[in-house]
Amino acid sequence: MPTMFPPRLRPVALLAFLSLSLAGCGDSAEQDEQAPTPQVRVETLQLQPLAISSELSGRILAPRTAEVRARVAGVVLKRVYREGSDVKRGDVLFLIDPAPFKADHDSARATLAKAQATLYQARLQEQRYRELVDD
Numbered sequence: 015m016p017t018m019f020p021p022r023l024r025p026v027a028l029l030a031f032l033s034l035s036l037a038g039c040g041d042s043a044e045q046d047e048q049a050p051t052p053q054v055r056v057e058t059l060q061l062q063p064l065a066i067s068s069e070l071s072g073r074i075l076a077p078r079t080a081e082v083r084a085r086v087a088g089v090v091l092k093r094v095y096r097e098g099s100d101v102k103r104g105d106v107l108f109l110i111d112p113a114p115f116k117a118d119h120d121s122a123r124a125t126l127a128k129a130q131a132t133l134y135q136a137r138l139q140e141q142r143y144r145e146l147v148d149d
C-alpha cells in the first residue's frame with residue numbers, strides 16, 4: 015500500500031505531528047478569564063403586519079385560441095377584423111388581391127368559349143357529313 019511519506023521520513027513526520035499536537039495543549043482557562051466581555055445590543059421585537067409579494071416574469075396563454083387563415087392563397091390587401099374582436103361565421107376577415115383570380119376566371123371562360131366553338135364546328139361538320147351520306 016503506497017503511503018504519503020517514504021519509510022525513512024516516517025519517524026520525522028510522526029515527531030512533527032506529536033510536537034504540534036502538544037503545542038496546541040495549553041492552559042485555556044487563563045486566557046478565558048482575561049478576555050473582556052463583549053458589548054451587545056438588545057432590541058425588543060414588535061408584532062406588525064408583513065406584506066409578502068413577488069414579482070415574476072412570465073407569459074399568459076388563453077385557454078382557447080383560434081387560428082385565422084385564408085381559404086385561398088393570395089396577397090392580403092387588408093385585414094378587416096381587429097385582433098381580439100368577436101367574429102361570426104361567414105364574416106369577411108381579409109381582403110385578398112382579386113387580380114390572379116380574375117385572370118384565372120377569364121382564362122377559364124376563354125377555354126369554355128373555345129370548347130363551345132369547337133362543339134359548334136363539330137356539329138356543323140356532322141350535319142354536312144349526314145347530308146352527304148343521305149344523298
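Quick note, the sequence shown lines up with residues 15 to 149 if you use my numbering.
Glycine residues also receive a C-beta, built at the ideal position from the N, C-alpha and C atoms.
Alpha carbon of residue 132 to alpha carbon of residue 84, nearest angstrom: Each residue's Cα considered, the two are about 38 Å apart.
field: Which of helix, strand or coil DSSP assigns to residue 133
entry: In the displayed model, residue 133 falls within a helix according to three-state DSSP.
message: One question on the structure: do residue 111 and residue 91 come within less than 8 Å of each other, judged by their Cβ atoms?
response: Going by C-beta atoms, residue 111 is nearer than 8 Å to residue 91.
query: Does the beta-carbon distance from residue 82 to residue 107 come in below 8 Å?
result: Contact flag set, yes.
message: Rounded to the nearest angstrom, what separates residue 76 and residue 98 at their Cα positions?
response: Note on geometry: alpha-carbon atoms of residue 76 and residue 98 lie some 11 Å from one another.
- prompt: Would you say residue 94 and residue 109 are within 8 Å of each other, going by their C-beta atoms?
  reply: Yes, the Cβ-Cβ distance between residue 94 and residue 109 is below 8 Å.
- request: For the beta strand (DSSP E) holding residue 151, just list the boundary residues, first then last.
  value: What the structure shows of the chain is the stretch from 15 to 149, and residue 151 is not part of that stretch, so it cannot be assessed.
query: Residues bridged to residue 108 by DSSP?
result: Answer by DSSP bridge pairing, in chain order: 93.
field: N- and C-terminal bounds of the alpha helix (DSSP H) containing residue 24
entry: Element bounds for residue 24: 24-37.
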